[in-house]
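Worksheet for the structure shown next.
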Amino acid sequence: MTYIDPDSEGALEANTIALFKALGWESADCYHEAFGQSSMLGRETSEQVVLECRLREAITKLNPELSSGTAELALAEITKDRSVLSPVRANQEVYQLLKEGVKVTSRTSDEEERIDVVKVIDWENPENNDFFLASQFWISGDYGRKRADLLGFVNGIPLVFIELKASHRALENAYKFNLSDYKTTIPQLFWYNALIILSNGSKSKIGSMTAGWEHFAEWKKINDEGEEGVVSLETMIRGLCEKTRLLDLVENFAIFSEAKGEVAKMVAKNHQFLGVNRAIQAAQEIKENQGKLGVFWHTQGSGKSYSMVFFSQKVLRKLPGNWTFLIVTDREDLDGQIYRNFASTGAVIEPEESVRAQSAEHLKRLLNAEDHRYVFTLIQKFRTDNGEQYPKLSDRSDIVVITDEAHRSQYDTFALNMRNALPNAAFIGFTGTPLMAGEELTKQVFGDYISVYNFKQSIDDGNTVPLYYENRIPELQLVNENLAEDMAEIIGAAELDDEQQAKLEREFAREYHLITREDRLEKIAEDIVAHYTGRGVLAKAMVISIDKATAVRMYDKVQKHWKVKLAELRKALASANPADRPELDKRLNFFEKTDMAVVVSPSQNEIEEFKKKGLDIATHRKRMVKEDLEIKFKNPDDPLRIVFVCAMWITGFDVPSCSTMYLDKPMKNHTLMQTIARANRVWRDKQNGLIVDYVGIFRDLQKALAIYGTTKTEGEPPIKDKDELVRLL
Numbered sequence: 004m005t006y007i008d009p010d011s012e013g014a015l016e017a018n019t020i021a022l023f024k025a026l027g028w029e030s031a032d033c034y035h036e037a038f039g040q041s042s043m044l045g046r047e048t049s050e051q052v053v054l055e056c057r058l059r060e061a062i063t064k065l066n067p068e069l070s071s072g073t074a075e076l077a078l079a080e081i082t083k084d085r086s087v088l089s090p091v092r093a094n095q096e097v098y099q100l101l102k103e104g105v106k107v108t109s110r111t112s113d114e115e116e117r118i119d120v121v122k123v124i125d126w127e128n129p130e131n132n133d134f135f136l137a138s139q140f141w142i143s144g145d146y147g148r149k150r151a152d153l154l155g156f157v158n159g160i161p162l163v164f165i166e167l168k169a170s171h172r173a174l175e176n177a178y179k180f181n182l183s184d185y186k187t188t189i190p191q192l193f194w195y196n197a198l199i200i201l202s203n204g205s206k207s208k209i210g211s212m213t214a215g216w217e218h219f220a221e222w223k224k225i226n227d228e229g230e231e232g233v234v235s236l237e238t239m240i241r242g243l244c245e246k247t248r249l250l251d252l253v254e255n256f257a258i259f260s261e262a263k264g265e266v267a268k269m270v271a272k273n274h275q276f277l278g279v280n281r282a283i284q285a286a287q288e289i290k291e292n293q294g295k296l297g298v299f300w301h302t303q304g305s306g307k308s309y310s311m312v313f314f315s316q317k318v319l320r321k322l323p324g325n326w327t328f329l330i331v332t333d334r335e336d337l338d339g340q341i342y343r344n345f346a347s348t349g350a351v352i353e354p355e356e357s358v359r360a361q362s363a364e365h366l367k368r369l370l371n372a373e374d375h376r377y378v379f380t381l382i383q384k385f386r387t388d389n390g391e392q393y394p395k396l397s398d399r400s401d402i403v404v405i406t407d408e409a410h411r412s413q414y415d416t417f418a419l420n421m422r423n424a425l426p427n428a429a430f431i432g433f434t435g436t437p438l439m440a441g442e443e444l445t446k447q448v449f450g451d452y453i454s455v456y457n458f459k460q461s462i463d464d465g466n467t468v469p470l471y472y473e474n475r476i477p478e479l480q481l482v483n484e485n486l487a488e489d490m491a492e493i494i495g496a497a498e499l500d501d502e503q504q505a506k507l508e509r510e511f512a513r514e515y516h517l518i519t520r521e522d523r524l525e526k527i528a529e530d531i532v533a534h535y536t537g538r539g540v541l542a543k544a545m546v547i548s549i550d551k552a553t554a555v556r557m558y559d560k561v562q563k564h565w566k567v568k569l570a571e572l573r574k575a576l577a578s579a580n581p582a583d584r585p586e587l588d589k590r591l592n593f594f595e596k597t598d599m600a601v602v603v604s605p606s607q608n609e610i611e612e613f614k615k616k617g618l619d620i621a622t623h624r625k626r627m628v629k630e631d632l633e634i635k636f637k638n639p640d641d642p643l644r645i646v647f648v649c650a651m652w653i654t655g656f657d658v659p660s661c662s663t664m665y666l667d668k669p670m671k672n673h674t675l676m677q678t679i680a681r682a683n684r685v686w687r688d689k690q691n692g693l694i695v696d697y698v699g700i701f702r703d704l705q706k707a708l709a710i711y712g713t714t715k716t717e718g719e720p721p722i723k724d725k726d727e728l729v730r731l732l
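Quick note, the sequence shown lines up with residues 4 to 732 if you use the numbering used here.
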């Protein structure tokens with residue numbers, strides 16, 4: 004009897020195979036597989052990655068009325084050579100065939116054209132399919148021959164790829180070396196892949212074929228998000244490869260997102276899969292819960308907007324009804340961003356102007372006179388004049404209202420109007436921050452929580468990075484007691500209109516002057532330059548000011564101190580120790596190429612108004628109009644690295660490469676939490692986000708964290724003083 008080291012790759016493989024068998028999969032060791040007529044799997048050559056015998060059998064079983072010729076045409080369409088496409092495009096093409104069926108055109112006996120849709124997988128009845136696990140499976144490509152540890156086939160299609168490592172091997176090496184080598188050497192395998200599992204026994208991660216290592220994630224819970232999470236390969240296999248769950252994940256939780264011609268495949272993470280399925284259950288019980296589907300609280304940065312897509316697409320596919328989804332938010336930039344998220348994943352194919360409400364009247368037409376799968380609107384478009392009652396627009400019970408950040412005060416104002424307009428609609432709220440005391444009206448409209456994935460859980464799972472804060476130049480900080488609640492409320496508006504700006508400067512003259520006086524801004528600008536150029540991580544940053552004029556002032560002041568700093572760095576490089584020069588030269592090059600921009604919304608007569616304050620907005624406005632600054636800032640390799648904002652881009656705006664937020668604007672509650680979360684995205688080697696506080700905001704932050712950062716009742720706040728990070732180092 005051969006001894007197998009219990010910590011070896013062989014032992015891990017044997018245990019994994021046993022798990023699959025327990026889940027009802029057939030299995031075989033294919034190490035000695037011959038090819039041609041004696042092949043145990045019916046493969047002619049090792050280049051074939053689809054088990055055609057099993058696929059042919061499945062097609063015949065699932066489509067008993069088909070002629071053998073039509074079945075063969077369907078099989079040929081699935082297995083045809085797609086090497087002219089990029090692997091992800093090939094994967095997208097195959098995925099559509101598996102999900103929607105293969106359309107085969109033929110001619111009847113009387114020469115009429117006939118189109119058959121050939122089912123490849125029975126999504127409704129998992130046991131009606133063939134589940135086969137191959138170990139040690141040889142595959143040849145143009146650049147060599149590889150042996151996959153484990154491949155999971157459904158009806159002969161290799162959907163699951165599993166790479167195993169011995170327990171003493173770093174799991175990241177399975178991604179960096181093995182997986183990348185497979186993708187290059189045998190790309191045809193990944194035309195069919197649904198998910199990739201990497202494991203060394205103690206650590207296991209799942210990702211899609213296009214995911215970077217930082218986006219491979221653990222799968223800790225099997226049936227419900229209320230479970231105690233367990234990191235183990237057994238949990239992952241049971242949670243992902245049990246037949247019903249695997250087909251649900253493949254069918255309903257994979258999307259292809261396209262931006263600027265590039266495609267990325269995304270597979271839901273554990274919290275999205277469990278959370279969205281809870282929301283689906285609420286939609287199935289729509290009569291019992293009277294249309295209150297609940298509040299879906301998943302912290303910022305954990306993929307909430309994609310969870311909206313997963314939810315709506317699964318409802319459309321699996322629940323009977325002529326569904327319409329009304330996506331509601333309260334900010335223009337968010338409305339556009341949410342539309343683009345749905346459009347980039349192919350969920351929405353109609354042009355923006357036809358499904359985004361352009362006005363209150365257009366919204367009424369969209370809901371009353373037209374038939375759309377998706378409609379996007381600002382909540383403010385449910386307004387009425389002079390206290391009139393909002394008219395009923397539709398009696399339909401298959402309209403689902405999805406609101407983004409459903410707790411904000413604007414929803415209270417217009418919630419009744421939405422109910423009057425759509426009395427039989429169902430309501431679900433998606434939010435990145437939880438409900439607070441005083442937001443009971445939100446629960447009256449949406450119901451209670453249906454899914455919770457908070458800040459701390461997201462950090463623990465590696466879906467967001469931890470946040471640290473530091474107070475800078477405390478002698479310049481405002482004393483919080485002098486900052487009236489009303490002032491924070493006014494500033495908390497998405498954008499200060501002219502009236503609000505005047506009120507701010509009039510009623511809070513003392514506080515406003517403290518924040519905006521020249522000597523204070525000068526010192527902060529100097530400190531921002533010193534801090535940014537001293538950071539270890541070379542990444543992007545946002546400077547957040549109290550208003551538009553102050554944002555422009557800060558830009559001007561930072562430019563001045565930036566030039567001085569670059570001169571200092573050049574001098575330091577010239578006199579540096581030769582051993583230190585490469586690193587100093589790299590940093591100097593980064594800072595010399597760094598671009599900065601002001602990003603604020605336009606207002607009437609702004610050029611003249613800014614001139615009165617000695618400021619030039621015209622140059623900045625020209626840039627904002629002529630360049631796509633959003634695309635530039637979101638591109639981690641673009642030199643636009645520091646932006647100066649006051650309200651735009653501080654909520655619902657994802658820039659993973661942004662690692663530092665310089666806060667010089669009084670904020671509270673949801674807006675504060677959403678703003679600091681801009682720095683919590685996972686990116687490359689970024690270990691954490693840093694919040695630099697110039698306005699003494701952290702007393703409010705600590706109050707908010709008591710609610711946001713922990714579990715529902717207890718736990719450790721996930722944002723900590725930077726001194727703790729220094730102690731750890």
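Glycine residues also receive a C-beta, built at the ideal position from the N, C-alpha and C atoms.
Strand pairing of residue i, partner residues [DSSP]
| i | result |
| --- | --- |
| Glu228 | The partner list for Glu228 (beta bridge, DSSP) is empty, contrary to what the question assumes. |
| Leu154 | Ala137, Phe164 |
| Trp300 | Thr434, Val455 |
| Glu29 | Phe135 |
| Leu329 | Val378, Val404 |
| Tyr146 | In DSSP, Tyr146 forms no bridge with anything. |
| Leu198 | Val163 |
| Leu470 | Gly692, Ile722 |
| Ala742 | Outside the shown range of the chain (4 to 732) lies residue 742, about which nothing can therefore be said. |
For residue i, the nearest candidate out of the options (CA to CA)
| i | options | result |
| --- | --- | --- |
| Val729 | Val601, Ser71, Tyr472 | Tyr472 |
| Phe417 | Glu611, Thr332, Lys596, Leu675 | Thr332 |
| Leu693 | Ala544, Val157, Ala552, Ala577 | Ala544 |
| Ile258 | Thr302, Ile283, Gln293, Ser310 | Ser310 |
| Arg386 | Leu366, His375, Tyr377 | Leu366 |
| Tyr515 | Tyr178, Gly45, Val698 | Val698 |
| Ser548 | Ala528, Val567, Phe156, Gly537 | Ala528 |
| Ala600 | Asp588, Asn580, Glu630, Glu611 | Glu630 |
| Ala680 | Lys637, Asp667, Pro659 | Pro659 |
| His623 | Asp640, Glu611, Val602 | Val602 |
| His564 | Thr247, His534, Leu587, Trp141 | His534 |
| Glu237 | Ala21, Ala346, Ala360 | Ala21 |
| Arg376 | Glu353, Asp388, Pro394 | Glu353 |
| Ala271 | Lys615, Lys246, Ser308 | Ser308 |
| Val279 | Ala267, Glu356, Ser42, Asn255 | Asn255 |
| Asp696 | Thr597, Asn474, Ile722 | Asn474 |
| Gly297 | Val351, Val404, Arg520 | Val404 |
| Asp726 | Ala61, Phe135, Leu470, Lys246 | Leu470 |
| Val378 | Thr327, Thr348, Asp550, Asp407 | Thr327 |
For residue j and residue i, believed in contact at Cβ under 8 Å, the rounded distance
| i | j | result |
| --- | --- | --- |
| Asn203 | Arg172 | 5 Å |
| Arg734 | Asp125 | The shown model of the chain, from 4 to 732, leaves out residue 734, and the question about it has no answer. |
| Met651 | Asp401 | Their Cβ separation, rounded to whole angstroms, is 36 Å, which puts Met651 and Asp401 out of contact at 8 Å. |
| Ile209 | Ile225 | Not really, about 13 Å apart at Cβ, beyond 8 Å. |
| Phe140 | Arg150 | 7 Å |
| Thr19 | Leu201 | About 12 Å separates the two Cβ atoms, so there is no contact after all. |
Contact test: residue i Cβ vs the ligand HEM heavy atom, cutoff 7 Å
| i | result |
| --- | --- |
| Ala429 | Of the ligands one can find in the structure shown there are none, so the ligand HEM has no counterpart to examine. |
3 or more residues per run - each beta strand (DSSP E) lying fully within the region 631-657: Here the runs fully enclosed are 643-648.
3-residue-minimum beta strand (DSSP E) runs that sit fully inside the region 570-614, ordered along the chain: As far as the region 570-614 is concerned, its whole beta strand (DSSP E) runs of at least 3 residues are 598-601.
3 or more residues per run - each beta strand (DSSP E) lying fully within the region 507-570: Inside the region 507-570, DSSP marks whole beta strand (DSSP E) runs of 3 or more residues at positions 543-548, from first to last along the chain.
Contiguous alpha helix (DSSP H) assignments of at least 4 residues, all confined to the region 209-291: For the region 209-291, whole alpha helix (DSSP H) runs of length 4 or above, ordered along the chain, are 236-244, 246-255, 273-287.
Three CB pairs or more closer than 8 Å across the region 617-629 and the region 573-590: No, the region 617-629 is not in contact with the region 573-590.
Three-pair Cβ contact test at 8 Å for the region 585-596 versus the region 684-692: Verdict: no, contact absent.
Segment contact flag, the region 279-291 with the region 159-175, C-beta cutoff 8 Å, min 3 pairs: Flag = no, the region 279-291 and the region 159-175 do not touch.
Three-pair Cβ contact test at 8 Å for the region 229-236 versus the region 179-189: Verdict: no, contact absent.
The region 66-76 contacting the region 25-40, beta-carbon criterion three pairs below 8 Å: Taking 8 Å as the limit for Cβ pairs, the verdict is that the region 25-40 does not touch the region 66-76.
Every unbroken alpha helix (DSSP H) within the region 372-396, with a cutoff of 4 residues, ordered by chain: Within the region 372-396, no complete alpha helix (DSSP H) run reaches 4 residues.
Touch test, the region 422-437 against the region 235-254, Cβ-Cβ under 8 Å, three pairs minimum: Judged by Cβ distances under 8 Å, the region 422-437 makes no contact with the region 235-254, as fewer than three pairs qualify.
Touching by the beta-carbon criterion (3+ pairs, under 8 Å), the region 100-110 and the region 43-51: A contact between stretches requires three or more CB pairs, one per stretch, nearer than 8 Å, and the region 100-110 fails this requirement with the region 43-51.
Contained alpha helix (DSSP H) runs [length at least 4] in the region 326-369, N- to C-terminal order: Residue ranges of uninterrupted alpha helix (DSSP H) with 4 or more members, entirely inside the region 326-369 and ordered along the chain, are 335-347, 355-358.
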